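S.K.:
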Amino acid sequence: MDLNLNALRSPDPGPRDGSILRLQHQHRSREVWEADRTRPVDSKKVRVRSAKKGIRALLWPSPPVLELIRRARLEGLCSLPFVSVDWGLITALLERWRPETHTFHLRPGESTITLQDVEVLLGIPIEGKPVTGNTNLKPYDLCKRLLGEQPTEESKDINGMKVKASWLSDRFNGQVEEGADPEVVARQARGYLLLLMGETIFADHSGGYVHLANLERLENFDEAGTYSWGSGALANLYHNLCHGCKAGTKQITGCFILLQVWAWERLPYLAPGRLGKRAPKAGAPLIGRFGLGRMPCSHVIAVCNKMAIDPTQFIGNVWRLDSNIAIYSSETFVPLHDKPYWPPYDGPIIHPDEERLRGRGRPQVNRFRNEMDMMDDWLEAQPSHKQSCTLCGGHGHNKRKCSKRGEASSSVPNM
């Protein structure tokens, strides 16, 4: 496809044909174009609400809880790493999103996120029944029946059909003791999944709250496995992109971990480094192929201390100070007392190259010569690269060093 440079320089940003793109008058790109680089109008900030605090401290669920999550076919959500939102990438894609076609309008053409991308990147199913349900429910009774406890009316842990994510994370971390009651395991799995879905694929503008509509769908885990969770996640992302691309929008939300990793896959020059031997196994979500889950050791130790977990159980003996002291205190390492204990040196004696010693004046070469200089020497030896004199026509010198320079100057008549 040929690139029309005149169209790029045109004062009208388009679209040239408004029969399909009928919402340009309220699109975010129109506002940026009309600002004509006038700050801050052309760079209005849009806040990206990334609900990640609630799931950052979640541990890997216990085997009984994980088994129920697998029956719901949502184990891919447990593998989602912590990703810092790339604000520039998200807003740049937002300005290129068209709600009429649900595609990104890029210079090479149109592109969009498909159901296949959702299944491959997130590892959640895309076939099955649509994710719909009744939102006119009694939240207190629903929490009591499926979670075993409910927020108090005096607290602010519940707001309509939404419950605070912090309330869920404090009570449902996916950890159960061995031999726990099946109902306790089921409640832990429901609360764990409700928090994961509300903070990732079904994130909204609620500001730290999770909608309880999905809780009813988790009453039976085998029945939950028949839903097309990937379709619901993609529809929610499309909805938030269509809302965020409007002019005047101040904040957006959604499953931006999917959008960001999709951009890394389709635009690899924007992506961070991929993992090598520690890449995800076959069948695992491909979102884990990027090196995103690395955290400094100081942060891990601080988290362990906050959760009353002994961090030394995760630290090998070779990294512990007492082990190193014990090694150097053994008889294997004996300190040298005086000079006779030092063995004499009988190796080769290397003398400096006298040609490399700096002489008087400014050095002609300030680096070591290598094999590339051999090519320069060969080129200088060629007749075509030798200096030519414009006075006598000879090679190897110029007119300033020519022996006939005086003769040429004396032959010029005085005017």
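Read in full-length UniProt numbering, the sequence shown has 255 at position 255, and its numbers run on one by one without any break. For every residue, glycine included, the Cβ atom is placed at its ideal position computed from N, Cα and C. Just so we're clear, the structure is a prediction, and the values are computed from it rather than from any experiment.
Applying the criterion that 16 or more other CB atoms from any shown protein chain within 10 Å of the CB defines a buried residue, is GLY109 buried or exposed?
M.R.: Exposed: under 16 other Cβ atoms inside 10 Å.
S.K.: Give the DSSP-derived three-state secondary structure of SER29 in the structure shown.
M.R.: Three-state DSSP puts SER29 in a helix.
S.K.: Run through DSSP, which three-state label would VAL210 get?
M.R.: It is a strand residue.
S.K.: Counting C-beta neighbours from all protein chains within 10 Å, is the total for TRP262 16 or more, i.e. buried, or is it exposed?
M.R.: Counting Cβ neighbours within 10 Å, TRP262 comes out buried, since at least 16 surround it.
S.K.: Give me, in chain order, the residues of the same chain whose beta-carbon lies closer than 6 Å to that of ILE201; leave out the 5 immediate sequence neighbours on both sides.
M.R.: Answer for ILE201: ALA233, CYS255, listed in chain order.
S.K.: Are LEU193 and LEU137 close, meaning C-beta to C-beta below 8 Å?
M.R.: No, Cβ-Cβ distance for LEU193 and LEU137 is not below 8 Å.
S.K.: Could you please give the first and the last residue of the uninterrupted alpha helix (DSSP H) stretch that includes LYS144?
M.R.: LYS144 -> alpha helix (DSSP H) spans 139 to 146.
S.K.: Keeping to the same chain, check which residues put their C-beta closer than 7 Å to that of GLY244; ignore five residues upstream and five downstream.
M.R.: Excluding sequence neighbours, GLY244 sits near VAL46, LEU94, ILE252.
S.K.: Between the C-alpha atoms of ASP17 and ARG30, what's the straight-line distance to the nearest angstrom?
M.R.: Using only the alpha carbons, I get a separation of about 15 Å.
S.K.: Evaluate ARG107 with the Cβ neighbour count: other Cβ atoms within 10 Å of its Cβ, from every protein chain shown; 16 or more gives buried, anything less gives exposed.
M.R.: By the 10 Å Cβ count, ARG107 comes out exposed.
S.K.: Under 8 Å: do the stretch 219 to 237 and the stretch 150 to 166 share three or more Cβ pairs, one atom per stretch?
M.R.: At 8 Å Cβ cutoff, the stretches do not touch.
S.K.: With DSSP as the reference, label PHE104 as helix, strand or coil.
M.R.: If DSSP states are grouped into helix, strand and coil, PHE104 belongs with the strands.
S.K.: Given MET295, which residues of its chain have a CB within under 6 Å of its CB, disregarding the five upstream and five downstream residues?
M.R.: Per-residue confidence for MET295 stands at a pLDDT of 48, beneath the threshold of 50, marking its modelled position as unreliable; no derived number is given.
S.K.: ASP322: buried (16+ other C-beta within 10 angstroms of its C-beta) or exposed?
M.R.: Counting Cβ neighbours within 10 Å, ASP322 comes out exposed, since fewer than 16 surround it.
S.K.: For ASP42 and GLU178, I'd like the C-alpha separation in whole angstroms.
M.R.: At ASP42 the pLDDT is 47, less than 50, meaning the model places this residue with poor confidence; the figure from the coordinates comes in the next sentence. When rounded, the distance between both Cα atoms is 58 Å.
S.K.: Is it the case that the Cβ atoms of LEU142 and ALA165 are separated by a distance below 8 Å?
M.R.: No, Cβ-Cβ distance for LEU142 and ALA165 is not below 8 Å.
S.K.: Assign HIS239 to one of three DSSP states: helix, strand, or coil.
M.R.: Looking at HIS239 - three-state DSSP - the assignment turns out to be helix.
S.K.: Can you tell me the Cα-Cα spacing of ARG98 and LEU77, whole angstroms?
M.R.: ARG98 and LEU77: Cα-Cα distance of roughly 28 Å.
S.K.: Would ALA247 and ARG28 be called neighbours here (beta carbons separated by less than 8 Å)?
M.R.: Cβ distance < 8 Å, so ALA247 and ARG28 count as in contact.
S.K.: Looking only at its own chain, which residues have a Cβ that is under 6 Å from the Cβ of ASP222, when we skip the five neighbours before and after it?
M.R.: Only ARG71 meet the Cβ criterion.
S.K.: Hey, quick one: how far does the alpha helix (DSSP H) through VAL163 stretch, first residue to last?
M.R.: Unbroken run through VAL163 is the beta strand (DSSP E), 162 to 164; no alpha helix (DSSP H).
S.K.: At the level of alpha carbons, what is the spacing between ILE20 and ASP117?
M.R.: Cα to Cα, ILE20 sits roughly 26 Å from ASP117.
S.K.: Spell out the partners DSSP gives HIS395 in its beta bridges.
M.R.: In the DSSP output, where bridge partners are listed per residue, HIS395 has SER388.
S.K.: I need the straight-line Cα distance from LEU267 to ILE301, nearest angstrom please.
M.R.: Straight-line Cα distance between these residues: approximately 36 Å.
S.K.: Taking the alpha-carbon positions, what's the ALA271 to ASN398 distance?
M.R.: In a straight line, the C-alpha of ALA271 is about 55 Å away from that of ASN398.
S.K.: By Cβ distance, which residues of its chain are closer than 7 Å to GLY347, with the 5 residues on each side in sequence left out?
M.R.: Once the five neighbours on either side are set aside, GLY347 has no close Cβ partner at all.
S.K.: Please report the straight-line C-alpha distance between GLU219 and THR91, rounded to a whole angstrom.
M.R.: Approximately 38 Å between the Cα atoms of the pair.
S.K.: Only counting runs of 4 or more residues, tell me where the alpha helix (DSSP H) segments fall wholly within the stretch 57 to 123, in order along the chain.
M.R.: Listed in chain order, the complete alpha helix (DSSP H) runs (minimum 4 residues) inside the stretch 57 to 123 are 63 to 71, 75 to 78, 87 to 95, 115 to 122.
S.K.: Which residues bound the beta strand (DSSP E) around GLN251?
M.R.: That run of the beta strand (DSSP E) goes 251 to 253.
S.K.: Can you grab the Cα-Cα spacing for the pair VAL210 / THR312, in whole Å?
M.R.: So the alpha carbons of these two residues sit roughly 35 Å apart.
S.K.: Is ILE301 helix, strand or coil by DSSP?
M.R.: ILE301: helix per DSSP, three-state reduction.
S.K.: Hey, how far is the Cα of GLY148 from the Cα of GLN188?
M.R.: Distance between the alpha carbons of GLY148 and GLN188 is about 9 Å.
S.K.: Quick check on VAL184: does DSSP put it in helix, strand or coil?
M.R.: Helix at VAL184.
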